[in-house]
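Only one structure is covered here, and it is reproduced in the block below.
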């Protein structure tokens with residue numbers, strides 16, 4: 001396997017990209033880039049998987065489990081191996097020695113070969129992501145394919161950079177005056193900490209899963225992939241590819257294994273506290289994320305949990321562009337992104353714009369009209385919204401309409417290709433953000449809790465300054481993956497920046513074009529900061545990878 005010739009240039013480019021933060025991606029976003037037959041081949045490969053037994057030839061299989069149902073309606077009917085962890089975990093550790101001895105460069109290049117083979121099958125992976133997450137096909141193709149692969153490659157680059165900061169060997173000599181110097185030969189070896197557990201999520205199984213998986217593997221750790229029970233297939237395919245590449249490269253394929261669970265089993269909780277598990281990556285609810293941080297004491301735990309994303313609307317010199325940008329941000333994938341704005345903080349006395357002064361009611365009505373216009377055509381709406389990923393999202397959407405005055409009601413949209421898909425447009429609800437309405441009471445207002453899904457609150461605040469106070473409290477107490485703001489005032493812009501710098505929140509200012517607050521680019525943008533309650537790590541930085549390995553020193557008398 002010609003790993004160096006094939007992948008070293010890509011690794012070098014990735015290292016340069018994380019240094020410069022410039023745009024770069026080796027994975028094409030356009031479906032046509034994968035060849036004329038790729039769309040049909042990918043769909044055929046996906047259809048072949050349906051109704052089959054997904055054998056991985058991994059040790060400790062004590063039965064079979066499955067049950068995925070596409071958010072678009074069809075049952076996938078795929079069975080996956082269920083593990084006997086007492087057999088599987090020791091088998092996974094067996095290959096660690098050879099994987100450690102391979103060194104950071106070889107590990108990185110093997111990871112790049114895995115990503116390359118996944119990239120070649122992007123169309124197949126796109127259908128797998130679409131029919132487990134509910135993303136519309138183009139989003140599943142891009143976010144579940146090249147964007148996820150970029151995030152995996154980014155993690156490999158950071159892991160390689162951190163591991164190679166220390167030289168492999170050094171000659172040490174300490175002068176002793178008239179006596180002979182003290183001389184030692186020192187070697188430094190990066191060693192993985194142990195088995196890494198990836199607990200996958202339902203909405204973005206590959207995009208959220210690849211950073212932790214590839215960071216741990218590149219750092220010398222076996223990786224046990226525990227997918228969300230509703231979204232097993234994309235990560236099972238990933239495990240299969242990884243095992244094939246590892247075996248072909250002369251390593252133990254059991255360095256990467258799958259842990260699919262039986263209905264209601266809760267295997268993640270069991271695995272998380274096993275002494276063999278030394279690293280955990282988790283994306284999901286705050287409740288289980290908190291449990292992991294409190295109970296998996298033997299492991300280094302990386303979590304992305306819930307947050308309340310906020311946009312401060314102070315003023316704008318491109319009112320039409322602001323409305324259009326917000327409408328798209330609120331609508332994309334039915335708001336089922338950890339980066340989707342939830343709270344729109346708007347001064348009750350209105351804002352200044354290039355289209356003249358706009359009252360709070362006018363701004364909210366215009367946002368509602370912009371969302372309605374964007375989603376007015378059902379075909380376009382289906383392409384943007386996808387399907388609601390599970391019944392819990394629909395329940396929150398239905399309940400939101402009773403929280404306040406509805407500025408934009410949600411409507412049902414039919415999908416002619418998938419009549420059983422649950423497709424709903426966003427709801428926008430008007431709420432009053434005056435402190436006097438809730439301070440000193442036991443109950444917090446609805447906008448201070450995450451309402452995951454296509455739900456947004458237009459919150460009237462007394463002034464921009466009061467909005468910034470609310471923003472600070474929200475990020476500090478509830479966390480935020482993203483913050484957005486619109487202002488024409490340099491003073492206000494600086495005040496917003498100060499809040500986000502103080503509370504470690506990623507900020508997007510005055511977006512009116514084709515870049516949206518809920519999208520981030522690998523190699524350039526940091527996803528989360530690790531500095532507020534929404535997440536304890538950022539994708540991706542040195543801190544995300546450096547605690548996945550240790551440097552072990554051996555000193556010899558020279």
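In this note's numbering, the protein residues as written are 1 to 558.
Virtual Cβ for every residue (Gly too), placed ideally from N, Cα, C.
No experiment lies behind these values; they were computed from the predicted model shown.
Next on the checklist: Once the 5 residues before and after residue 89 are set aside, which same chain residues still bring their CB inside 7 Å of it?
Outcome noted: Counting only Cβ-Cβ distances below 7 Å, and skipping sequence neighbours, we find 195, 274, 276.
Next on the checklist: Suppose the cutoff is 8 Å on Cβ atoms and the five residues either side in sequence are ignored; what does the same chain contact list for residue 542 look like?
Outcome noted: Contacts found: 158, 161, 162.
Checklist entry - How do the region 97-109 and the region 351-359 stand: do at least 3 beta-carbon pairs fall below 8 Å, yes or no? => result Not touching, per the Cβ criterion.
Item to check | Beta-carbon proximity of residue 456 to residue 342, cut-off 7 Å | outcome: Yes, they are a contact pair.
Checklist entry - How about residue 7 and residue 149: do their beta carbons lie closer than 7 Å? => result In terms of Cβ geometry, residue 7 and residue 149 do not form a close pair [threshold 7 Å].
Checklist entry - Which stretch, first to last residue, makes up the alpha helix (DSSP H) that contains residue 99? => result Residue range 96-120 is occupied by the alpha helix (DSSP H) that includes residue 99.
Checklist entry - Curious, which full-length beta strand (DSSP E) runs of at least 3 residues does the region 159-223 contain? => result Annotation note: the region 159-223 contains the following uninterrupted beta strand (DSSP E) runs of length 3 or greater, listed N- to C-terminal: 169-176, 179-192, 195-199.
Checklist entry - Using the beta-carbon count (16 or more within 10 Å), is residue 140 buried or exposed? => result Under this definition residue 140 is a buried residue.
Checklist entry - For residue 478, which three-state DSSP category applies? => result The three-state secondary structure of residue 478, taken from DSSP, is helix.
Checklist entry - Any contact of the region 500-511 with the region 129-140, i.e. 3+ C-beta pairs under 8 Å? => result The answer is no - the region 129-140 does not touch the region 500-511, with fewer than three Cβ pairs under 8 Å.
Checklist entry - Per DSSP, residue 430 is paired with what? => result DSSP output for residue 430 lists 405, 458 as bridge partner(s).
Next on the checklist: Run through the DSSP bridge pairs and tell me what residue 353 is partnered with.
Outcome noted: Looking at the DSSP output, residue 353 bridges to 316.
Checklist entry - Three-state secondary structure (DSSP) at residue 24? => result DSSP places residue 24 in coil when its eight states are reduced to three.
Item to check | 4-residue-minimum alpha helix (DSSP H) runs that sit fully inside the region 258-285, ordered along the chain | outcome: Runs of the alpha helix (DSSP H) inside the region 258-285: 267-272.
Checklist entry - How would you call residue 558, buried or exposed, if buried means at least 16 neighbouring beta carbons within 10 angstroms? => result Around the beta carbon of residue 558, a 10 Å sphere encloses fewer than 16 other beta carbons of the protein chains shown; the residue is thus reported as exposed.
Checklist entry - Alpha carbon to alpha carbon, what distance is there between residue 81 and residue 512? => result Taking the straight line joining both Cα atoms gives about 48 Å.
Next on the checklist: Which runs of the beta strand (DSSP E) at least 3 residues long sit entirely within the region 492-530? Give them in chain order.
Outcome noted: Runs found: 507-509.
Item to check | Beta bridge counterpart(s) of residue 64 as assigned by DSSP | outcome: According to DSSP, which records beta bridges pairwise, residue 64 is partnered with 81.
Checklist entry - Going along the chain, which residues of its own chain have a beta-carbon closer than 6 Å to the beta-carbon of residue 77, five neighbours each way excluded? => result Excluding sequence neighbours, residue 77 sits near 50, 51.
Checklist entry - Do you know how far the Cα of residue 107 is from the Cα of residue 281? => result About 20 Å.
Checklist entry - Based on the DSSP secondary-structure assignment, which residues constitute the bridge partners of residue 343? => result DSSP lists 310, 457 as partners of residue 343.
Next on the checklist: Could you pull the DSSP bridge partners for residue 539 from this structure?
Outcome noted: Per DSSP, 527.
Checklist entry - Mapping DSSP to helix, strand and coil, what is residue 154? => result For residue 154, the three-state secondary structure derived from DSSP is helix.
Next on the checklist: With DSSP as the reference, identify every bridge partner of residue 555, one or two as the case may be.
Outcome noted: Looking at the DSSP assignment, residue 555 forms a beta bridge with 186.
Checklist entry - Who are residue 50's beta bridge partners in DSSP? => result Under DSSP, no beta-bridge partner is assigned to residue 50.
Next on the checklist: DSSP three-state label for residue 242, please.
Outcome noted: Residue state, collapsed to three classes: helix.
Item to check | Sequence-distant residues of its chain with Cβ nearer than 7 Å to residue 451 (five each side left out) | outcome: Closer than 7 Å at Cβ, skipping near neighbours: 342, 396, 400.
Item to check | Candidates 264, 493, 202, 241: closest to residue 256 by CA position | outcome: The option with the nearest alpha carbon to residue 256 is 241.
Checklist entry - Between residue 224 and residue 197, is the Cβ-Cβ spacing less than 7 Å? => result Result yes, Cβ atoms of residue 224 and residue 197 sit closer than 7 Å.
Next on the checklist: Using only the alpha-carbon positions, how far apart do residue 65 and residue 204 sit?
Outcome noted: In this model, residue 65 and residue 204 are separated by some 21 Å (Cα to Cα).
Checklist entry - Any chance the region 332-352 sits against the region 310-318, with 3 or more Cβ pairs inside 8 Å? => result Result yes; three or more Cβ-Cβ pairs closer than 8 Å.
Item to check | Per-residue burial, residue 146 [other beta carbons within 10 Å of its own, 16 or more giving buried] | outcome: Buried: at least 16 other Cβ atoms inside 10 Å.
Checklist entry - Would residue 68 pass as a contact of residue 232 if the rule is Cβ separation under 7 Å? => result For residue 68 and residue 232, yes; Cβs fall inside 7 Å.
Item to check | Identity of the residue in 326, 348, 85 nearest residue 462 by Cα | outcome: Closest by alpha carbon: 348.
Checklist entry - Using the beta-carbon count (16 or more within 10 Å), is residue 23 buried or exposed? => result It counts as exposed.
Next on the checklist: Could you pull the DSSP bridge partners for residue 247 from this structure?
Outcome noted: BP columns for residue 247 are empty, so no partner.
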